[in-house]
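In the numbering used here, the protein residues as written are -15 to 146.
Working notes, beginning with the structure itself.
Below, the structure written as structure tokens:
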């Protein structure tokens, strides 16, 4: 395996690994329906706001990476939902699936050896596929950490094995 292939494999893996911390699916698994819109004292966002923000941000990064004509939402309002509560019960599952789909789209871009990891993206200010993949991984890890802490504050995190 070449170094380029090894790097691509590692980038694809880092997009949703659970080696250093919890992965996305574990963080959202069995999140209680009645707590998805709750903002506990000391926290700025609900679980819904965090995962919807993550959905929008990851989608935007993927689209920016693959479509030079892509227009990002306005910052910051366009990256956060208007309410801390999901608009309907189905929105939660749809949001989660959309995040997973966008992660898979970025994984496919990273693994596509016809795309340079280091060449500036068309119409970018020097951003590269490598940078955008790392941005997705970093942004996701940051907000998953927030989500885990929020779940713990809401007493909705699974019990640790004894």
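In this text, a Cβ means the ideal position worked out from N, Cα and C, and glycines have one as well.
Since the structure is predicted, the reported quantities are computational estimates derived from the model, not experimental observations.
- Closest to residue 134 by CA distance: which of 40, 16, -10 is it? Among 40, 16, -10, the Cα nearest to that of residue 134 belongs to 16.
- Message: My parser needs the alpha helix (DSSP H) runs of 4 or more residues fully inside the stretch 44 to 128; what are they?
- Response: Runs of the alpha helix (DSSP H) lying entirely within the stretch 44 to 128, each at least 4 residues long, are 73 to 95 in chain order.
- Message: Considering Cα atoms alone, identify which of -13, -1, 19 is closest to residue 93.
- Response: For residue 93, the closest of -13, -1, 19 by C-alpha to C-alpha distance is -1.
- Query: Whose C-alpha, out of 45, 65, 3, 44, is nearest the C-alpha of residue 29?
  - Reply: For residue 29, the nearest C-alpha among the options comes from 65.
- Message: With H, G and I counted as helix, E and B as strand and the rest as coil, what does DSSP make of residue 141?
- Response: Note: residue 141 maps to coil in three-state DSSP.
- Query: Of the choices 140, 76, 50, whose alpha-carbon is the least far from that of residue 107?
  - Reply: The residue with the shortest Cα to Cα distance from residue 107 is 50.
- Query: Taking the continuous alpha helix (DSSP H) assigned at residue 12, which residues delimit it?
  - Reply: That run of the alpha helix (DSSP H) goes 8 to 12.
- Message: Just verifying my parser: in three-state terms, what is the DSSP assignment at residue 1?
- Response: In the three-state reduction of the DSSP assignment, residue 1 falls in the coil class.
- Nearest neighbour of residue 105, chosen from -14, 26, 86, 53 [CA to CA]: By alpha-carbon distance to residue 105, the top candidate from -14, 26, 86, 53 is 53.
- In chain order, what residues of the same chain have a beta carbon less than 6 angstroms from the beta carbon of residue 111, not counting five sequence neighbours either side? Cβ neighbours of residue 111 beyond the five flanking positions: 105.
- Query: Is residue 86 buried or exposed, if buried means 16 or more other CB atoms sit within 10 Å of its CB?
  - Reply: Flag for residue 86 reads buried.
- Query: Just how far apart, CA to CA, sit residue 131 and residue 71?
  - Reply: Rounded to whole angstroms, residue 131 to residue 71 spans 19 angstroms at the Cα level.
- Message: So, under 8 angstroms CB-CB, residue 32 and residue 68 are touching, yes? Tell me the CB distance rounded to an integer number of Å.
- Response: That pair is a contact at about 6 angstroms.
- Message: Judging by CA-CA distance, which residue of 143, 75, 37, 61 is the nearest neighbour of residue 123?
- Response: Ranking the options by Cα distance to residue 123, first place goes to 37.
- Go ahead and label residue 4 buried or exposed: buried means 16 or more other beta carbons lie within 10 angstroms of its beta carbon, across all protein chains shown. Around the C-beta of residue 4, fewer than 16 other C-beta atoms lie within 10 Å, and the residue is accordingly described as exposed.
- Query: Say the cut is 7 angstroms; is the CB of residue 111 nearer than that to a heavy atom of the ligand GTP?
  - Reply: Although the ligand GTP was asked about, the structure shown includes no ligands whatsoever.
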